[in-house]
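Note that the working numbering has the sequence shown beginning at 1086, numbered continuously upward. Data block below; observations after.
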Amino acid sequence: MRICIVGGGTAGWMAANLFAHHWTDKPIEIVLVESPEVGIVGVGEGSTPTLKRFFEMLGIAESDWMSRCNATYKVNIKFAGWSPQSGIDDYSHPFISQLDTFSQGAFFMNCRTRRLGLATHTSPADFLLNGVLAQQNKGPITPDHFPFRMEYGYHFDSYLLGDFLKEHGKKLGVIHKQAFISGIEKQLNGDIKHLLCADGERISAELFIDCSGFSSLLMQQQLGVKFKSYHNNLFNDAAVVMPSTISSAIPVETTATALSNGWCWKIPLTNRFGNGYVYSSDFINSEQAETELRQHLNMMENEHNCRHLKMKVGCLETHWQNNCVGLGLAQGFIEPLEATALHLVQICIEMFIDDFSAGNFTQQFQAQYNQKVTERFERVRDYIVAHYKINTRNDSEYWRANRNNPHLSESLIQLLEVWYRREDLEQEIKRQNLESHFGTVSWHCLLAGYGAFPPIADKQPGTGDLYVDQKIKSFLHGCSLNFSAHQHNLERL
Ligand SMILES: Cc1cc2nc3c(=O)[nH]c(=O)nc-3n(C[C@H](O)[C@H](O)[C@H](O)COP(=O)(O)OP(=O)(O)OC[C@H]3O[C@@H](n4cnc5c(N)ncnc54)[C@H](O)[C@@H]3O)c2cc1C
């Protein structure tokens, strides 16, 4: 059997590596075709902890890939300026680690009592170990005697990661071709028979993987699969990107700062910060966005050029159609606020490997796969939408329109109602089976982080453990003594 992947961006090479790794004992040839004239999107530099699992699966040590990709550790996303009216300047959404099972109960309890109007302490970073590490700028690497598993992600240079994965994929036997695909020929049943290359070559395969980026060459253009836009839910459709000088202490977190008509990421690599203003072109034009980004970074002089990008936010209605599967930007994109794109790429590849293998390399489980992937995209989208829905900024029409946006999914409406009705959010998340998308802790971080609470009641029942749980604070502080500075973690590599 031959599988042909179209596209040599991060999605294409992640798929090539995982296929080659999983089907190493099967008579399957994997070919990856890309066009250097088209190139890759070259952004996407923050991950979730699933990328750690990716490298672990492939048996690639951090010391092998991280320094090659100017990579740093990531334990947290700091959201700054999203909810000024609640009096909260910034809040953390840390990656949840095993050890948090000891402290998350106190966090939930405090959020619950705060929802009843009591003045409890609800800052997520104070209840979750990675939040504490981010505050101290410590890395997530534990000494051998530390008995809990830490979850963390990475920041990396996407071009360098692409090169690394290409090299590794080729070592695993992936055949790499360079060609511009100009069309396809189909079988009578609508399956793709072969790809037509601009140089006249034809590439045939039994299965095709479309990783051609936003152009969605095979899925949308050739097979006519419809694209479901999320523009109603998520307004941002453009970004302007610019590097800046890295600080002497390299942060162990991504910062997402709200600006007038969107937000700006700040991603620390070992040699630079990557910055990007993600905005809605319905509210601000590219020139205004560039000026605002430069002001925000205090880099008005033109020593660095900005890159402008358009984003297509939404996803395919069908992810596996005939003998073709869409992955990466060819499949869909939810804006980068929680850095979920590569996370979704990896989850989809893993689900596809399971379903394709279970169906004995046929299309037996196609419908089941499509349903699972759609569910994934929609639930991740809802979490991102919630950020915009509950913002309390009043400085532009953009933020007010986001707050007043009525286009919420039924699932999100239910979650918000349960929260505001002061009912059990944990139970609702279980009822909706959401734990594997964004789980209970993440939802508490978001809702507490925005200060989505009723006013504090006039009468308070005095002070006690509920106000600031000192035991949790000293427990987490004690745990953090096992960790060393982020810089030290990087030097170890
Ligand atoms: C502004 C922005 C910020 C982002 N931030 C993050 C983030 O922080 N974290 C995250 O996980 N993700 C992020 N992403 C998403 C991330 O960049 C992508 O998911 C990732 O780079 C994978 O892209 P890709 O491989 O699907 O597409 P691309 O990188 O665009 O690759 C497309 C490939 O298809 C090939 N190709 C296209 N047409 C043809 C043709 N006709 N013939 C032959 N080959 C062809 C190209 O040569 C290229 O190799 C961000 C995206 C944007 C736009």
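The beta carbon of each residue, even a glycine, is placed where N, CA and C say it ideally should be. Predicted model only: the values in this text are computed from it and were never measured.
If I'm right that residue 1565 touches residue 1221 with Cβ under 8 Å, what's the distance once you round it to whole angstroms? Indeed they touch by this definition, with Cβ atoms about 6 Å apart.
Buried/exposed call for residue 1231, threshold 16 Cβ in 10 Å: So residue 1231 ends up on the exposed side.
From residue 1286 to residue 1433, what distance separates their C-alpha atoms? Taking the Cα positions, residue 1286 is about 30 Å away from residue 1433.
Considering only heavy atoms of ligand 1, does any lie closer than 7 Å to the CB of residue 1424? At least one heavy atom of ligand 1 sits closer than 7 Å to the Cβ of residue 1424.
Just checking residue 1120 against ligand 1 - is the residue's beta carbon closer than 7 Å to any of the ligand's heavy atoms? Under cutoff, so the answer is yes.
Any heavy atom of ligand 1 closer than 7 Å to the Cβ of residue 1396? Indeed, a heavy atom of ligand 1 lies less than 7 Å from the Cβ.
In its own chain, which residues sit with a C-beta less than 7 Å from the C-beta of residue 1246, not counting the 5 before and 5 after it? Only 1095, 1154 meet the Cβ criterion.
For the region 1483-1557, which segments carrying the alpha helix (DSSP H) assignment without a break, of at least 4 residues, lie completely within its bounds, in sequence order? Qualifying alpha helix (DSSP H) stretches, in chain order: 1495-1505, 1510-1516, 1525-1534.
Residue interval of the beta strand (DSSP E) (run including residue 1289): DSSP places residue 1289 in the uninterrupted beta strand (DSSP E) bounded by 1287-1289.
Which residues in the same chain as residue 1185 place their Cβ atom closer than 7 Å to its Cβ, once the five residues preceding and following it in sequence are excluded? If the five residues before and after residue 1185 are omitted, its C-beta is found closer than 7 Å to the C-beta atoms of 1213, 1214, 1526, all from its own chain and listed in chain order.
State yes or no: is the C-beta of residue 1463 nearer than 7 Å to some heavy atom of ligand 1? At a cut-off of 7 Å, the beta-carbon of residue 1463 does not count as near ligand 1: no heavy atom of the ligand is closer than that.
Residue 1385 versus residue 1378: straight-line alpha-carbon distance, rounded: For residue 1385 and residue 1378, the gap between their C-alpha atoms comes out near 9 Å.
Backbone CA spacing between residue 1237 and residue 1465 [nearest angstrom]: When only Cα atoms are considered, residue 1237 and residue 1465 end up about 19 Å apart.
Just reading off the alpha helix (DSSP H) that residue 1138 is part of, what are its end residues? Counting along the chain, the alpha helix (DSSP H) containing residue 1138 begins and ends at 1135-1143.
In whole angstroms, what separates the C-alpha of residue 1570 from that of residue 1342? Going from the Cα of residue 1570 to the Cα of residue 1342 covers about 24 Å.
Short check: CB of residue 1105 to CB of residue 1090, under 8 Å? Not in contact: residue 1105 and residue 1090 (Cβ atoms no closer than 8 Å).
For the region 1410-1419 against the region 1295-1313, are there 3 or more C-beta pairs whose distance is under 8 Å? With the cut-off at 8 Å, the region 1410-1419 and the region 1295-1313 touch.
Rounded to whole angstroms, what's the CA-CA distance from residue 1295 to residue 1405? Just pull it up for me. The C-alpha of residue 1405 is placed about 10 Å away from the C-alpha of residue 1295.
Which residues does DSSP pair with residue 1392 in a beta bridge? In the DSSP assignment, the residues bridged to residue 1392 are 1326.
Residue 1322 and residue 1398: beta carbons closer than 8 Å? For residue 1322 and residue 1398, yes; Cβs fall inside 8 Å.
For residue 1534, the nearest candidate out of 1260, 1495, 1472, 1337 (CA to CA): Taking only the C-alpha atoms, the option nearest residue 1534 is 1472.
Hey, quick one: how far does the beta strand (DSSP E) through residue 1401 stretch, first residue to last? For residue 1401, the enclosing beta strand (DSSP E) covers residues 1399-1401.
Cβ separation of residue 1481 and residue 1346, assumed to be a contact under 8 Å, to the nearest whole Å: The Cβ separation is near 6 Å, so the contact holds.
Through-space distance from residue 1309 to residue 1574, alpha-carbon basis: Computed Cα separation, rounded: 48 Å.
Taking Cβ positions, are residue 1350 and residue 1360 nearer each other than 8 Å? Remark: C-beta atoms of residue 1350 and residue 1360 approach each other more closely than 8 Å.
Given a threshold of 16 other Cβ atoms within 10 Å of its Cβ, counted over all protein chains shown, does residue 1093 qualify as buried or as exposed? By the 16-neighbour rule on beta-carbons within 10 angstroms, residue 1093 is buried.
Is it the case that the CB of residue 1331 approaches a heavy atom of ligand 1 more closely than 7 Å? The nearest non-hydrogen atom of ligand 1 is 7 Å or more from the C-beta of residue 1331.
Between which two residues does the beta strand (DSSP E) containing residue 1193 stretch? Careful: residue 1193 lies outside any beta strand (DSSP E), inside the alpha helix (DSSP H) at 1189-1200.
Let me know the secondary structure DSSP gives residue 1313 once reduced to three states. Under the three-state reduction of DSSP output, residue 1313 falls in the strand class.
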